[in-house]
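Each remark here refers to the structure printed beneath this line.
Numbering (the numbering used here), first residue to last: 13 to 211.
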């Protein structure tokens, strides 16, 4: 489709809902990492309850909704992209596009960089630290147990847990990296992408 037909509300909501969904997904993975860390590394300490889970979910949604407000405010309907087109019958005269319009380029770059940091680097670092501590803790426990008395199934279970934890971190990093790199390049080097498209 060469123009926007869904109105101003959908224009603002589309990117907003996308950003909120990404934040909720990522922060949920962080909460899961915290819960696993607490239950495995510090089993006798504070234990997460159902009420804590509800509170965590509410906080995740509130933070995600708040973080994405600038996106909601920055998207507008405009016919500016069609001003320089010279086509017969003026087919684009009353058509509009849904575009991001920021008060300044600096505001856009600050927001996109902050979002990249809060949606990718901080959660990835947090998850990585939690799971590394869990792996270290499981290895220490394995060494403390007498090898002659420890069953092979227990050793295999610890190995499976370690592989699963490493897989979660690697999958998280690999799956979210392309989108984040594209968003950063699009915001910081928009002209470069446009020239690649035309070539």
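We put the CB at the ideal spot given by N, CA and C, even for glycine. If you're wondering where the values come from, they're calculated on a predicted model, not measured in any experiment.
To the nearest whole angstrom, what separates the beta carbons of residue 42 and residue 139, a pair I think is in contact under 8 Å?
-> Your numbering for residue 42 matches position 30 in the chain shown. Your numbering for residue 139 matches position 127 in the chain shown. Yes, residue 42 and residue 139 are in contact; Cβ-Cβ is about 6 Å, under 8 Å.
Start and end of the alpha helix (DSSP H) containing residue 77?
-> Position 65 of the chain shown, counting from 1, holds the residue named residue 77. Counting along the chain, the alpha helix (DSSP H) containing residue 77 begins and ends at 62-79.
Under 9 Å, do residue 134 and residue 16 count as touching if we go by C-beta distance?
-> In the chain shown, counting from the first residue as 1, residue 134 sits at position 122. In the chain shown, counting from the first residue as 1, residue 16 sits at position 4. Not a contact, by the Cβ cut-off of 9 Å.
Local Cβ density within 10 Å of residue 65, reported as buried at 16 or more and exposed below that | Taking the first residue of the chain shown as 1, we reach residue 65 at position 53. Residue 65 should be labelled exposed.
Would residue 179 be called buried (16 or more neighbouring beta carbons within 10 Å of its own) or exposed?
-> Residue 179 sits at position 167 when you count from the first residue of the chain shown. Exposed.
As assigned by DSSP and simplified to three states, the class of residue 201 | What you label residue 201 is simply residue 189 of the chain shown in a count that begins at 1. It is coil, neither helix nor strand.
With a CB to CB cut of under 8 Å and the five nearest residues on each side skipped, what residues in its chain are close to residue 90?
-> Indexing the chain shown from 1 puts residue 90 at position 78. Once the five neighbours on either side are set aside, the close Cβ partners of residue 90 are 108, 109, 111, 113.
In DSSP terms, what residue 87 is bridged to = The sequence position of residue 87 within the chain shown is 75, counting from 1. DSSP lists 112 as partners of residue 87.
Relative to the C-alpha of residue 79, which residue among 200, 33, 148, 201 is closest?
-> In the chain shown, counting from the first residue as 1, residue 79 sits at position 67. Among 200, 33, 148, 201, the Cα nearest to that of residue 79 is on 33.
Taking only the alpha-carbon atoms, compute the straight-line gap between residue 172 and residue 190 and give it to the nearest angstrom.
-> Against the chain shown, residue 172 aligns to sequence position 160. Against the chain shown, residue 190 aligns to sequence position 178. Computed Cα separation, rounded: 28 Å.
For residue 85 and residue 115, the rounded distance between their alpha carbons | Within the chain shown, residue 115 is the residue found at index 103, counting from 1. Within the chain shown, residue 85 is the residue found at index 73, counting from 1. If I take the Cα positions, the gap works out to 10 Å.
Buried or exposed (CB count within 10 angstroms, at least 16 for buried), residue 187 | Taking the first residue of the chain shown as position 1, residue 187 is located at position 175. So residue 187 ends up on the exposed side.
How is residue 193 classed by DSSP in three states: helix, strand or coil?
-> Taking the first residue of the chain shown as position 1, residue 193 is located at position 181. It is helical.
Would you call the CB atoms of residue 36 and residue 72 closer than 9 Å?
-> Taking the first residue of the chain shown as 1, we reach residue 36 at position 24. Taking the first residue of the chain shown as 1, we reach residue 72 at position 60. The answer is yes: Cβ separation under 9 Å.
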